[in-house]
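Scroll down for the structure; my scribbles are underneath it.
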Amino acid sequence: MTSQASTFAIAVPSVASPIRRHRNLAVVRAQVEPSDKSVEIMRKFSEQYARKSGTYFCVDKGVTSVVIKGLADHKDSLGAPLCPCRHYDDKAAEAAQGFWNCPCVPMRERKECHCMLFLTPENDFAGNEQAHAYFD
1 MTSQASTFAI AVPSVASPIR RHRNLAVVRA QVEPSDKSVE IMRKFSEQYA
51 RKSGTYFCVD KGVTSVVIKG LADHKDSLGA PLCPCRHYDD KAAEAAQGFW
101 NCPCVPMRER KECHCMLFLT PENDFAGNEQ AHAYFD
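According to our numbering, the sequence shown is numbered sequentially starting from 1.
Spelled out as structure tokens, the structure:
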């Protein structure tokens, strides 16, 4: 008896498009969490920078958690805390250039944080904390 290995894929056409002769296979990427070490480094950095700049974290602690995790992920994958709230055609080139590395130039120059990580006291979404311990 011989065994034969076979590979198969199923392509499911969308309702809007007719069945095609070519297979369109979706690529599924696993969501990888940043390292605990990088999350802790970025949490400490964020707390220190908030105190230094006189800014506060968002009243919604989930926003702060997501941004810190995004910064930690970029620190792990790119070697720099590239702003996770922007779209980049080439993340590695942007990280090397440095303009959008946290704290980004708009934050340093005008206290404008696109991610809502560092908020001035007069911002409606600013909380009253410069420390963060909540992560989902």
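No residue lacks a Cβ here, since even glycine has one placed at the ideal position from N, Cα and C.
- Around V105, the same chain offers F99 as residues with beta carbons nearer than 6 Å, after the five sequence neighbours per side are excluded.
- About 7 Å separates the beta carbons of A95 and G79, which is inside the 8 Å limit, making them a contact pair.
- The C-alpha of C83 is placed about 8 Å away from the C-alpha of C115.
- DSSP, read as helix, strand or coil, puts L117 in coil.
- In this structure, the alpha-carbon of D124 lies about 12 Å from that of F118.
- Per DSSP, reduced to three states, the secondary structure at A126 is strand.
- Excluding the 5 residues flanking it on each side, C85 has same chain C-beta neighbours closer than 6 Å at H114 and C115, in chain order.
- Y88 and D73 have their C-alpha atoms spaced approximately 15 Å apart.
- Residue pairing by DSSP puts C58 in a beta bridge opposite A126.
- In its chain, beyond the 5 residues on either side, T55, K111 and A126 have a beta carbon closer than 7 Å to the beta carbon of T120.
- Membership of V105 in the alpha helix (DSSP H) is indicated by the continuous run V105 to R110.
- Ranked by how close their Cα comes to the Cα of N128, the residues Y49, D36, V59 and K37 have V59 in first place.
- A Cβ-Cβ separation of about 16 Å leaves S38 out of contact with K91 under the 8 Å criterion.
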